[in-house]
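Novice:
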Amino acid sequence: MLLQKTQGDLEKLRSVGPLVHNITNYVVMNNTANALLAIGASPIMAHAIEEVEEMVSISQCLVINIGTLSASWLEAMTRASAKAKELDKPIVLDPVGAGASQFRIQAIRKILEKGPPSIIRGNASEIISTAQDSAGGKGVDATDSSQAAITQAKLLSERYGSVVVVSGEVDYVVFGKEHHSIHQGHPLMTKVTGMGCTATAICGAFAAIQPNFAQAAFSAMAVMGIAGEMAAEEAKGPGTFQSVFLDKLFHLTSSEIQDRWKSN
Amino acid sequence: MLLQKTQGDLEKLRSVGPLVHNITNYVVMNNTANALLAIGASPIMAHAIEEVEEMVSISQCLVINIGTLSASWLEAMTRASAKAKELDKPIVLDPVGAGASQFRIQAIRKILEKGPPSIIRGNASEIISTAQDSAGGKGVDATDSSQAAITQAKLLSERYGSVVVVSGEVDYVVFGKEHHSIHQGHPLMTKVTGMGCTATAICGAFAAIQPNFAQAAFSAMAVMGIAGEMAAEEAKGPGTFQSVFLDKLFHLTSSEIQDRWKSN
Amino acid sequence: MLLQKTQGDLEKLRSVGPLVHNITNYVVMNNTANALLAIGASPIMAHAIEEVEEMVSISQCLVINIGTLSASWLEAMTRASAKAKELDKPIVLDPVGAGASQFRIQAIRKILEKGPPSIIRGNASEIISTAQDSAGGKGVDATDSSQAAITQAKLLSERYGSVVVVSGEVDYVVFGKEHHSIHQGHPLMTKVTGMGCTATAICGAFAAIQPNFAQAAFSAMAVMGIAGEMAAEEAKGPGTFQSVFLDKLFHLTSSEIQDRWKSN
């Protein structure tokens, strides 16, 4: 059921070409903009306090990523979030490096309060930190078990009404007490910076055209994983992987999604 | 006539290796720096208010791109523009997302007043907005007809004495009441972020060595289009396109320019 | 002796996976993060004044690169440097564009005073400017002779107790009155933006696991040069070079290092 909707939603995404407004980190801006174009969306990258509310108004989704956060960017993020809530537009949050500093802990708290996200996506460590507001973990890397993360993701989901995605060898899409798992992807994806951030942006692209955010997150992670494993089979390492990944995302067909899918 | 000069100017560009100072957006900095290196120029990327005037002084051209604008960057842009005017150095402006927010409308007005650009390059929507100071359009995407854009480009050109480039399926180089058209390029170029910004930077590279700015803009757009279509023929999608495009730009020969040229 | 340690240190680097904290420029953030991942390290990119000290605390090395400097980033760099000194963690400095503006001259002076680096890496022009505090050179390009640079590098090394790397056709690792030379690499590397910045980041990766900083710098430059020449043999230009370079860095073996090494 979920996977069939992924195929239809990918088609819809490509025909609609939704505007996705990203306030994201410097490291991945280029990659995520290109991934959004490859999947069929239209990226806006804008962070000025003077204009973020207008950009939210013309977009179909807001993606917030705190990777290279600073005070002025945080202000832009909370303003944009509040505007998106006011206009009832989906918000996707990537709590990069959650728990790595007091600044990030406070920042995530503020963003969650201003506009509870439709989808929160992070690795196990980030999701646990976001749920627990507790420092720990090894920077932006995943260090915690996925079981602990699923438990915390469920608490987080219930508190904010958000769909929570825990990325890892297996991806989990958590909503309330339920969760779905996605067994796609490839280890090479962990050797490329910003693949998680790209997954978050792709969640935003699907959320822009699919109001069932659990379905949107599921489709995004399925598409990421399938394009990722197809790219890894052709690439000779993490460098060529990046180019081939965008090609695969761009050309991905319904039958590839169907054929590649691993039910567990 | 124009195309023959392109061949000579590309040779000159490669032998001179002009310094091109870019105050540009975060998304495309890496791409544009690499495109400038590939075509034979030497990029400077610097935006601090404390140093932009000195950077203008040692450069042969200033490129301003408002893609991820903020108040402090705008201040740097207007200071750099004023300095470039004072020193009679070419200025190239890319009004990314013109009309998408009041902030951008005001910003473009300020930049145009401080230092009327030698060349302004944008898509149809951006050029129309820049000419009309009117909000509208679909963010940073082109939505308006090229005929309307040419009309507005001529008005813009006459008002500021700038050469105006309207990018699209066909590129138009407008100066005063005249315009030239360039029928090169490939649709895949619209699926890669920052190809427009790269075109703008390449305009800067040619303007650094060719004081006839209509010729410089023409050469830049011809070279972009030809390298783009060569890359699209080899690439398997928008990811590999980016790598191959830089290779093509780097190796582009006079005979390839000659052979590939479509007169209409 | 030095080269054998490179092989062992590369193995150690891959098994330890040290956290390398980068406060670097916008142009190269993506490349350097990917190069750090490819060589086996784990990058942190964070610059907010509110959190840089915490990020230094959880990292094994601090890399500072002044490429797209501004006043607030400089403040973050000096705070991070002071913290790294306090915690006795290695600092690697890349004085990009040294001498190109008064702002950079002052900035480098401040950074050197706050926390004398373990390693300073630049091209001949940058090292000479850093040593002489004198404006000159052609922006971020190398213009000065390597002999003059070695002389200045020795003075700089003695003044701050730093290992100084002069990058160029031949790379020199200077410590006090001694220096080693590395005859690897390929001219294509100068046609890709940020290869120098990548070398600096890789110096940081080795310094994180090798307390003999001359050895760390030597290993980093050897690995960069060897991966670079392997990539250049396969690449068709500067675009494909970037992808292949990361692949080569990722797969680089001890025997490739051994076989490729040119003793002069």
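Protein chains in written order, with the numbering used here: chain A, 875 to 1138; chain B, 875 to 1138; chain C, 875 to 1138.
Where a beta carbon is used, it is the ideal one built from N, C-alpha and C, also for glycine.
Among the residues of its own chain, which have a CB less than 6 Å from the CB of residue 900/B, if the five just before and after it don't count?
Specialist: For this step, residue 900/B is matched to residue 26 along the second sequence. Closer than 6 Å at Cβ, skipping near neighbours: 942.
Novice: On the CB-based measure, 16 or more other CB atoms within 10 Å of its CB, does residue 1123/C come out buried or exposed?
Specialist: Here residue 1123/C refers to the residue found at position 249 when the third sequence is read from its first residue. That one is buried.
Novice: So what does DSSP say about residue 896/A, is it helix, strand or coil?
Specialist: One-based indexing of the first sequence puts residue 896/A at position 22. Strand.
Novice: Using a Cβ-Cβ cutoff of less than 8 Å, which residues in the same chain neighbour residue 1168/C once the five nearest sequence positions on both sides are dropped?
Specialist: Lying before the first or after the last residue shown, residue 1168/C is absent from chain C, which here runs from 875 to 1138.
Novice: In this structure, what does DSSP give as the bridge partners for residue 1133/B?
Specialist: Numbered from 1 along the second sequence, position 259 holds the residue referred to as residue 1133/B. Beta-bridge pairing links residue 1133/B to no other residue.
Novice: Among 1088/C, 1134/C, 1005/C, 924/C, which residue has its Cα nearest to the Cα of residue 1033/C?
Specialist: What you label residue 1033/C is simply residue 159 of the third sequence in a count that begins at 1. Selected option, being the one with the closest Cα: 1005/C.
Novice: Enumerated in chain order, which unbroken segments of the beta strand (DSSP E) with a length of 3 residues or greater are wholly contained in the stretch 884-936 of chain A?
Specialist: Here the runs fully enclosed are 893-897, 916-919.
Novice: Using DSSP with H/G/I as helix, E/B as strand and the rest coil, what is residue 1038/C?
Specialist: The count along the third sequence starts at 1 and reaches residue 1038/C at position 164. Strand.
Novice: Helix, strand or coil: which one does DSSP assign to residue 970/C?
Specialist: As a working note, residue 970/C is residue 96 in the third sequence. Three-state DSSP puts residue 970/C in coil, outside helix and strand.
Novice: Taking DSSP as the reference, what is the three-state secondary structure of residue 1097/A?
Specialist: Your numbering for residue 1097/A matches position 223 in the first sequence. Here residue 1097/A sits in helix by DSSP.
Novice: Along the chain, which unbroken stretches of the beta strand (DSSP E) at least 3 residues long are found entirely within the stretch 1031-1089 of chain B?
Specialist: Whole beta strand (DSSP E) segments, 3+ residues: 1037-1041, 1045-1049, 1052-1056.
Novice: Taking 8 Å as the threshold (C-beta atoms), are residue 950/C and residue 897/C in contact?
Specialist: Locating residue 897/C in the third sequence gives position 23, counting from the first residue. Locating residue 950/C in the third sequence gives position 76, counting from the first residue. Yes, Cβ-Cβ distance for residue 897/C and residue 950/C is below 8 Å.
Novice: Can you tell me which of the three DSSP states residue 1002/B falls into?
Specialist: As a first step, residue 1002/B is located in the second sequence; it is residue number 128 there, counting from the start. Helix.
Novice: Alpha carbon to alpha carbon, what distance is there between residue 1107/C and residue 917/A?
Specialist: Looking up residue 917/A in the first sequence gives position 43. Looking up residue 1107/C in the third sequence gives position 233. Answer to the nearest angstrom: the Cα atoms are 36 Å apart.
Novice: Applying a beta-carbon distance threshold of less than 7 Å, which residues of chain A neighbour residue 1057/C?
Specialist: Start at 1 with the first residue of the third sequence, and residue 1057/C comes out as number 183. Neighbours of residue 1057/C on chain A: none; closest Cβ ~24 Å, over 7 Å.
Novice: Just how far apart, CA to CA, sit residue 1127/A and residue 1113/B?
Specialist: Numbered from 1 along the first sequence, position 253 holds the residue referred to as residue 1127/A. Numbered from 1 along the second sequence, position 239 holds the residue referred to as residue 1113/B. Computed Cα separation, rounded: 17 Å.
Novice: Would residue 1046/C pass as an interface residue toward chain B - the criterion being a Cβ-Cβ separation below 8 Å?
Specialist: One-based indexing of the third sequence puts residue 1046/C at position 172. Closer than 8 Å: no.
Novice: In the DSSP assignment, what residue or residues form a beta bridge with residue 995/C?
Specialist: Counted from its first residue, the third sequence places residue 995/C at position 121. Beta-bridge pairing links residue 995/C to 1039/C.
Novice: According to the neighbour-count rule (16 or more other Cβ atoms, all chains shown, within 10 Å of its Cβ), is residue 1061/C buried or exposed?
Specialist: The count along the third sequence starts at 1 and reaches residue 1061/C at position 187. Exposed is the call here.
Novice: Determine whether the Cβ of residue 955/C lies closer than 8 Å to any Cβ atom of chain A.
Specialist: Within the third sequence, residue 955/C is the residue found at index 81, counting from 1. Output row for residue 955/C: interface = no.
Novice: Taking residue 892/B and residue 1087/B to be in contact with their CB atoms under 8 Å, please state how far apart those CB atoms are, rounded to whole angstroms.
Specialist: Counting from one through the second sequence, the residue named residue 892/B turns up at place 18. Counting from one through the second sequence, the residue named residue 1087/B turns up at place 213. That pair is no contact at about 14 Å.
Novice: For my contact list, residue 908/B and residue 1067/C are in at a C-beta cut-off of 8 Å; report their separation, rounded to the angstrom.
Specialist: Position 34 of the second sequence, counted from the first residue, corresponds to residue 908/B. Position 193 of the third sequence, counted from the first residue, corresponds to residue 1067/C. Contact holds; Cβ gap of about 5 Å.
Novice: Measuring only the C-alpha atoms, how far is residue 886/A from residue 986/C?
Specialist: As a first step, residue 886/A is located in the first sequence; it is residue number 12 there, counting from the start. As a first step, residue 986/C is located in the third sequence; it is residue number 112 there, counting from the start. Approximately 55 Å between the Cα atoms of the pair.
Novice: In whole angstroms, what is the alpha-carbon distance linking residue 983/C and residue 1022/A?
Specialist: The residue labelled residue 983/C in the question sits at position 109 within the third sequence. The residue labelled residue 1022/A in the question sits at position 148 within the first sequence. Cα-Cα distance, rounded: 48 Å.
Novice: Is it buried or exposed for residue 884/A, if we count other Cβ within 10 angstroms and need 16 for buried?
Specialist: Reading the first sequence from its first residue, position 10 is the one you call residue 884/A. Looking at its Cβ environment, which holds 16 or more other Cβ atoms inside 10 Å, residue 884/A is buried.
Novice: Per the contact definition of three or more C-beta pairs closer than 8 Å, is the stretch 1066-1084 of chain B in contact with the stretch 1128-1138 of chain A?
Specialist: Result no; under three Cβ-Cβ pairs closer than 8 Å.
Novice: Below 8 Å on the Cβ atoms is my contact criterion, and I expect residue 996/B with residue 972/B to pass it. Report the Cβ-Cβ distance as a whole number of Å.
Specialist: Walking along the second sequence from the start, residue 996/B turns up at place 122. Walking along the second sequence from the start, residue 972/B turns up at place 98. With a Cβ gap of about 6 Å, residue 996/B and residue 972/B count as contacting.
Novice: According to the neighbour-count rule (16 or more other Cβ atoms, all chains shown, within 10 Å of its Cβ), is residue 969/A buried or exposed?
Specialist: Your numbering for residue 969/A matches position 95 in the first sequence. It counts as buried.
Novice: Mind pulling the chain B residues with CB within less than 7 Å of residue 977/C?
Specialist: Walking along the third sequence from the start, residue 977/C turns up at place 103. Neighbours of residue 977/C on chain B, chain order: 922, 924, 925.
Novice: Could you say which of 1031/A, 1092/A, 1118/A, 1051/A lies nearest to residue 1103/A if we only look at CA atoms?
Specialist: Translated into the one-based positions of the first sequence, residue 1103/A becomes position 229. For the residues 1031/A, 1092/A, 1118/A, 1051/A, the minimum Cα distance to residue 1103/A belongs to 1118/A.
Novice: By Cβ distance below 8 Å, which residues in the same chain neighbour residue 881/B in space, the five residues on each side in sequence not counted?
Specialist: Translated into the one-based positions of the second sequence, residue 881/B becomes position 7. The residues are 1128, 1131, 1132.
Novice: Counting only Cβ pairs nearer than 8 Å, list the residues of chain C close to residue 937/A.
Specialist: For the purposes of this step, residue 937/A is identified with residue 63 of the first sequence, where counting begins at 1. Neighbours of residue 937/A on chain C: none; closest Cβ ~18 Å, over 8 Å.
Novice: Closer than 7 Å to a non-hydrogen atom of the ligand NAD - does that hold for the CB of residue 935/B?
Specialist: With respect to the ligand NAD, the structure offers nothing, as it holds no ligand at all.
Novice: Starting from the beta carbon of residue 1063/A, find every residue of chain B whose beta carbon is closer than 9 Å, and list them in chain order.
Specialist: Taking the first residue of the first sequence as 1, we reach residue 1063/A at position 189. The premise fails here: residue 1063/A is roughly 14 Å from chain B at the closest Cβ pair, so nothing lies under 9 Å.
Novice: Cβ atoms of residue 1077/C and residue 1096/C: under 8 Å apart, would you say?
Specialist: Position 222 of the third sequence, counted from the start, is the residue given in the question as residue 1096/C. Position 203 of the third sequence, counted from the start, is the residue given in the question as residue 1077/C. Contact flag unset, no.
Novice: Kindly indicate the opening and closing residues of the alpha helix (DSSP H) around residue 962/A.
Specialist: Position 88 of the first sequence, counted from the first residue, corresponds to residue 962/A. From DSSP, residue 962/A is part of no alpha helix (DSSP H); its letter is neither H nor E.
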